[in-house]
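Trainee:
Numbering (the numbering used here), first residue to last: 7 to 206.
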């Protein structure tokens, strides 16, 4: 019995004071942190290497604030379609077709709508996409008819002849449904300030 008591006293670990327990816990945490530091440093190096290998990592974040190329193109198409729709809606297609009835009246309105769309800056492919096939074969949709710019300028020479030809070309462009901004874009400044281009 005495031997058993002696053995139990030797095997029982003495209770450590609170201050000693805190020191042991801090030492244990310090050794754990020391083991983690090399791993953390390696992770930082790998992350930096991955960032350097990336072409433009900032572009990923910039993409959140900027529309993609496809999104921007879609927005532009939608804005153009709305603008052309507003131009057609604002057109008077009834007055030019007054007195007609039946199918000829419908064809007349469609042709006037196509002309209005062209004056608003639309292309022939846009403005003639949904019209009656009969309208598609008319000059407004099949292409401009050849203009006679020579006869009105006969007898002119030099700069006066050049200005006359340009003005006749603008008239031809407008008569085929073109807008003033389109028809007067590449003419001489003298023509751009004339009533045919200013609208005054």
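Just so it is clear, CB atoms sit at the ideal spot from N, CA and C, and this is done for glycine as well.
Would the beta-carbon of residue 172 fall within 8 Å of that of residue 193?
Mentor: Mapped onto the chain shown, residue 172 falls at position 166. Mapped onto the chain shown, residue 193 falls at position 187. Yes, they are a contact pair.
Trainee: Once you ignore the five residues that flank residue 153 on each side, which residues in its own chain have a CB closer than 6 Å to its CB?
Mentor: By 1-based counting over the chain shown, the position of residue 153 is 147. Around residue 153: 178.
Trainee: Are at least three pairs of beta-carbons, each pair with one atom in the stretch 155-172 and one in the stretch 135-147, less than 8 Å apart?
Mentor: Touching, no.
Trainee: From residue 168 to residue 98, what does the alpha carbon distance come to, in whole angstroms?
Mentor: Against the chain shown, residue 168 aligns to sequence position 162. Against the chain shown, residue 98 aligns to sequence position 92. Using only the alpha carbons, I get a separation of about 35 Å.
Trainee: Nearest-angstrom Cα distance between residue 111 and residue 131?
Mentor: To locate residue 111, count along the chain shown from 1; it is residue 105. To locate residue 131, count along the chain shown from 1; it is residue 125. If you take the alpha carbons of residue 111 and residue 131, they lie about 23 Å apart.
Trainee: Taking the alpha-carbon positions, what's the residue 137 to residue 114 distance?
Mentor: Translated into positions along the chain shown, residue 137 becomes position 131. Translated into positions along the chain shown, residue 114 becomes position 108. Distance between the alpha carbons of residue 137 and residue 114 is about 11 Å.
Trainee: Let me know the alpha helix (DSSP H) ranges lying completely inside the stretch 135-173, each 4 residues or longer, listed in chain order.
Mentor: As far as the stretch 135-173 is concerned, its whole alpha helix (DSSP H) runs of at least 4 residues are 139-142, 145-148.
Trainee: Could you round the C-beta distance between residue 147 and residue 120 to whole angstroms and report it? I think they count as a contact, below 8 Å.
Mentor: Your numbering for residue 147 matches position 141 in the chain shown. Your numbering for residue 120 matches position 114 in the chain shown. That pair is a contact at about 6 Å.
Trainee: For a test of the three-state rule: what should DSSP assign to residue 100, helix, strand or coil?
Mentor: As a working note, residue 100 is residue 94 in the chain shown. Looking at residue 100 - three-state DSSP - the assignment turns out to be coil, as it is neither helix nor strand.
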